[in-house]
């Protein structure tokens, strides 16, 4: 039949037959628009309530990308110091490159430098960075530019210059009475340092100028330690930012790293993909070895530490890795697993008999049923958080608190679910068993348990897996496990790579448990479960 | 033991001819099976108990206080919670002036009040409760919208591309398994303190959890409306919107309400680890030893959770009838 063949009478008949389709009730017609309107109003209310636009505006997205990079990369942060007129390279303590690093992406060139020293005992800089430092050679004559810089400083009366220090440029200290006294020494030193962050990004640093090349653009920044200024010779490119005139310049090279050009030093952060020193920290004798060399030491090689086998050193190095704290992380992870396991198992064991007493068809005692059901509701409704805080007070921080919190909450949940399952069983089997004269216990054992056991265990398995996840969170309030460690690693905002490491471990554990629990459940109650 | 005799005797009268050998074989077979089963049970239970005892030992070893040392002090804390008088709880909940006020934060706390007019204010705890509830509702709402959009791409009866399905399912699994606390911590670093990180963390988890529930519902949907729409030339969007959505919507809403119950708890916990809201007040109050305040907060939280659970159960019953869902399954 074609639509065109319909007469008005047919249409009317169809209309009459399907009245609700053509004239649906008001509720049906307006349910969607009403729902959408309510949702929109609610969203508007929430964005006002949480002042979301303000929060998003104030958000620090720059930091977000830094932190995200930290998840899978690390930085090496050399500081190039040139306040004295000589470039000097410092690495912070505990640099991932170990002590006395000498990476090949930092090149130095010797030349004549004029070193400004203040006549104070601490002014003598120690020659700590061995490979970078040339031996000081004093007694050279001052060159013109240095003199002029000093002149300028003197004219402007900059605080630590003696007023009379004009144009002399002599090695001897000025005959000034003011403190502190300043002297300049011209000698052989490191005149230039070139830092190569990646193929297109090079910082060329002299005590007077930092030349930065990145993405095909070059910017020359005049630095003046005495005046404490940084000035660009040309307009700054998009990857450089100077917040105030003469203030430090921030350089952002994307993933390769970043730098901060200050008047007296340039702080550089070069980013590497990967996790630094994941297996061995810089104190370990295995640090810096290739895996081949490590294997050789383990199997044949010479003993590394007196009185300790190489295997034991190997294990110690990994477990006590200062940066990654593998041993501690693994113990905390095991605590989390144990918390979920023991908590769920105990809850199952306690809720199982109680649920028989709470089910009205098994125990026909209304008062007992109601009391138990309200008790389960109470356990469940007092949040896991409250139980966790309570038991952390009672047992002290650690997995016992977590176990108890999960145990209490889940006893309530299991009791409720099991009692409901028991109330929905097929009565015929119980009747059959009762009719052949079985005792009460036998009725439960053969008439009830075979029906509900798969459901019980399936639910317990589901909760075991989901508790592994909740155990992470309640750990953060002190109830043991990896949660607190995660939280501590995040709070410093320094160790996002450790957070990533722990998250990966948690994901692996949850993934394994999820699959084990699903496999067991589908064996118990068939595929549809 | 009853079963044994029943099985052994059962077949004998039915098949008289090979009775001798058959009965013997069945009996032996049953014995073997039973022995094997018993062995499995023994091994399984031994393994379980070994794991349990190791776990308990390990938990006790690594805990700050030892179980049996601390057990007598279990209720010390509960004893510490006893307020000075019963009305203190009431006064703490509604932030009414306390007769014991001594200038400290223990009894009165004008700082947290949200003044609506000169004299009328919302007590801090009520306000925080509303905040936590709003976190949960908003996160559930966002999770619902995104989970709704994703679930059809993961359902095998709607999306034919195997790779897309695989990718969407793994993605949702990832969202579900990713620890909420890390998301909250990360966004705390970006947004600084406030409830927005908690909303994001709970919402991301909800997307994964609801998406999984939803696509399972979609896969169990009746495909006849879809077939009809396909027959009259409906495109993918029309088929989903008019063929699938009307029949799955009640179940979707029901699961969402269930999730809302879970999210109210989750947002409290996330709050306690530093993302603001109700959990944080509770943690602070406990650590400062303000007993009446702590009890008031616990009472308020308990009431709220019970109220949300009851409301959600009632709505779910209206949506999908008596046959409400069991939790989790």
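Protein chains in written order, with the numbering used here: chain A, 1 to 529; chain B, 1 to 329.
Even glycine gets a Cβ: it sits at the ideal position worked out from N, Cα and C.
Candidates A/13, A/188, A/271 and A/198, of which the one nearest residue 65 of chain A by Cα: A/271
Close Cβ partners of residue 152 of chain A (< 7 Å) along its chain, the five nearest in sequence each way excluded: Any reading at residue 152 of chain A must be qualified, since the residue scores a pLDDT of 37, below 50, and its modelled position is unreliable; the value itself is stated next. Around residue 152 of chain A: no qualifying Cβ.
Residue span of the beta strand (DSSP E) that contains residue 195 of chain A, given as start and end: From DSSP, the beta strand (DSSP E) with residue 195 of chain A extends over 182–198.
Distance between residue 290 of chain B and residue 78 of chain B (C-alpha atoms, nearest Å): 12 Å
Integer-rounded CB distance, given that residue 381 of chain A should sit under 8 Å from residue 305 of chain B: Your pair residue 305 of chain B and residue 381 of chain A checks out as a contact, with CB atoms roughly 5 Å apart and the cut at 8 Å.
Near-chain A residues of the stretch 50–73 of chain B (beta-carbon distance less than 8 Å), N- to C-terminal order: 51, 52, 55, 56, 58, 59, 60, 62, 63, 64, 65, 67, 70 and 73
Reduced DSSP category for residue 82 of chain A - H, G, I as helix; E, B as strand; rest coil: coil
Minimum Cβ-Cβ distance from residue 309 of chain B to chain D less than 8 Å: Protein chains A and B are contained in the structure displayed, whereas chain D is not.
Touching by the beta-carbon criterion (3+ pairs, under 8 Å), the stretch 335–353 of chain A and the stretch 385–405 of chain A: yes
Neighbour-count burial assignment, residue 12 of chain A, 16 or more Cβ in a 10 Å radius: exposed
Coil, strand or helix - residue 232 of chain A by DSSP: strand
Closest Cα partner of residue 249 of chain B within the set B/180, B/320, B/237 and B/182: B/320
Listed by chain order, chain B residues near residue 516 of chain A by CB distance under 9 Å: Within chain B, no residue comes near residue 516 of chain A; the closest Cβ sits about 13 Å away, beyond 9 Å.
Selected residue, minimal CA-CA separation from residue 192 of chain A, among A/87, A/249 and A/295: A/87
Burial state of residue 497 of chain A, where buried means 16 or more other Cβ atoms lie within 10 Å: buried
Simplified DSSP state of residue 180 of chain B, which is helix, strand or coil: helix
Proximal chain B residues relative to residue 507 of chain A, where beta-carbon distance stays under 8 Å: 174, 177 and 178
Helix, strand or coil at residue 297 of chain B according to DSSP, with G and I counted as helix: helix
Any C-beta of chain B under 8 Å from that of residue 232 of chain A: no
Neighbour flag for residue 40 of chain A against chain B, beta carbons, 8 Å: no
Rounded C-alpha distance that separates residue 42 of chain B from residue 33 of chain B: 14 Å
Where the beta strand (DSSP E) through residue 74 of chain A begins and ends: 73–76
Short CB-CB distance (under 8 Å) between residue 52 of chain A and chain B: yes
Validate contact between the stretch 449–463 of chain A and the stretch 369–384 of chain A using beta carbons, cut 8 Å, 3 pairs: no
Min CB distance residue 301 of chain B to chain A below 8 Å: yes
Sub-8 Å separation of residue 240 of chain A and residue 249 of chain A beta-carbons: yes
Cα-Cα separation between residue 82 of chain A and residue 265 of chain A, rounded to whole angstroms: Rounded to the nearest angstrom, the two C-alpha atoms are 6 Å apart.
Nearest-angstrom beta carbon gap, residue 197 of chain B and residue 184 of chain B [assumed within contact, 8 Å]: About 5 Å separates the two Cβ atoms, so the contact holds.
Closest residue to residue 187 of chain A among A/229, A/323, A/273 and A/113 (Cα-Cα distance): A/113
Interface residues of chain B facing residue 432 of chain A [CB-CB closer than 7 Å]: Per Cβ cutoff of 7 Å: no residues; residue 432 of chain A is ~13 Å from chain B at best.
Helix, strand or coil at residue 168 of chain A [DSSP, three-state]: In this predicted model, residue 168 of chain A has a pLDDT of only 42, less than 50, meaning its place in the structure is not dependable; the value taken from the coordinates is given anyway. Residue 168 of chain A falls in the coil class under three-state DSSP.
CB contact flag (residue 107 of chain A, residue 194 of chain A, <8 Å): yes
Neighbourhood of residue 417 of chain A by C-beta, 7 Å cutoff - its chain only, sequence neighbours within 5 removed: 459
8 Å Cβ cut-off: residues of chain A touching residue 306 of chain B: 377 and 381
Three-state secondary structure (DSSP) of residue 93 of chain B: helix
Option nearest residue 223 of chain A by Cα separation, candidates A/501, A/207 and A/276: A/207
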